[in-house]
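Report on the structure given below.
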Amino acid sequence: MDLEAYKKQALQKQKEHKKFLEGLKKKPPKNLDYVVQETHEEVFEKIDCLQCANCCKTTGPLYTEKDIERISKHLRMKQADFEAKFLRVDEENDKVLQNLPCFFLNSDNTCSIYDVRPKACREYPHTDRKKIYQINHLMIKNTVICPAAFEFVESMMKNLNK
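To get this note's numbering, take the position in the sequence shown, counting from 1, and add 10.
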């Protein structure tokens, strides 16, 4: 998977993608949630996250209190120790990873805490959400990081212009 080519393409198409997504916000088609779900499934039949893991290498998820509780319990650590070892508080006062790539990313691109991973990781790249237009700013950011997000927006443009 050529991540650089995806990134370059995503940056070139950013204006076009923004315009398309803003159009969805202004006038969402009646069947939008259905098309989103269909497109999401279509994209993930073609793209295997384990071939990429760019999200785990380049962006850190936000850790909620529930995430911290669940993961530290799984790792048999005190929550405070987990936070001290892996997390920091960012500019927006969110708890995020101290370092990237993610500490829990294995060399084969699998996740060592997959079953208890943060909510943000479970939902990424947010291509199966209802009312997708509510996260336009995030989707545009994700197209540059995630080949599946890029393919999703491209496919949505085709699927809604049929």
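Ideal Cβ positions, reconstructed from N, Cα and C, are used throughout, including at glycine.
Quick caveat: nothing in here was measured; it's all calculated off a predicted structure.
- For the pair residue 59 and residue 134, the Cα-to-Cα distance works out to about 11 Å.
- The way I'd put it, the region 142–161 does touch the region 28–42; three or more beta-carbon pairs between them come closer than 8 Å.
- In this structure, the alpha-carbon of residue 97 lies about 11 Å from that of residue 74.
- By the Cβ criterion, the region 56–71 is in contact with the region 112–121, since at least three pairs of Cβ atoms, one from each stretch, lie closer than 8 Å.
- Burial is judged here by how many other beta carbons sit within 10 angstroms of a residue's own beta carbon; residue 149 has at least 16 and is buried.
- If you compare the alpha carbons of 107, 72 and 39 with that of residue 171, the shortest gap goes to 39.
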